[in-house]
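These notes concern the structure reproduced below.
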Amino acid sequence: MAGALALKDAAAATKVILLEPIDEVSVLVPDDLVGAVMSDLSGRRGRVLGTDTAGDERTVVKAEVPQIELTRYAIDLRSLSHGAASFTRSFVRYEPMPESIAARMKKPD
């Protein structure tokens with residue numbers, strides 16, 4: 472506990488850049504829900520990379536999304552698509568965390 476508090480204090484007092492892991496997400500979704508899925512991913516600070524036709528009136532939406540934003544994604548996607556969509560994800564890289572979010576992480580309790 473003391474170590475975590477010391478780290479937060481040090482981060483708040485310096486110009487520390489926090490990095491966050493980014494995942495590439497591929498969502499297989501019915502064509503009529505593509506817009507809703509793309510909006511949802513964007514709302515999670517995701518960048519939509521594009522779409523590919525998968526056949527059978529289905530589309531694959533590819534995006535890069537911070538891992539922290541995907542914590543409840545399986546549950547939320549099931550609800551959004553009524554169980555008709557699925558997704559995979561894989562780590563891509565680390566990126567600097569936006570300052571507004573990093574400030575909350577650096578702020579001592």
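For the sequence shown, the working numbering assigns the number 472 to the initial residue and increments by one for each residue that follows.
Think of the CB as a built atom: it goes at the ideal place given N, C-alpha and C, for glycine as much as any other residue.
By alpha-carbon distance to G506, the top candidate from K533, D480 and Y565 is K533. Its chain contains D511 as the residues whose beta carbon lies nearer than 8 Å to that of D547, once the 5 sequence neighbours on both sides are disregarded; these appear in chain order. For the pair R560 and I493, the CB atoms are not nearer than the 8 Å cut-off. Taking 4 residues as the shortest admissible run, the segment 540 to 569 contains the following complete alpha helix (DSSP H) segments, listed from N- to C-terminal end: 544 to 552. In the assembly as shown, A545 is an exposed residue. Its beta-carbon has fewer than 16 other beta-carbons within 10 Å.
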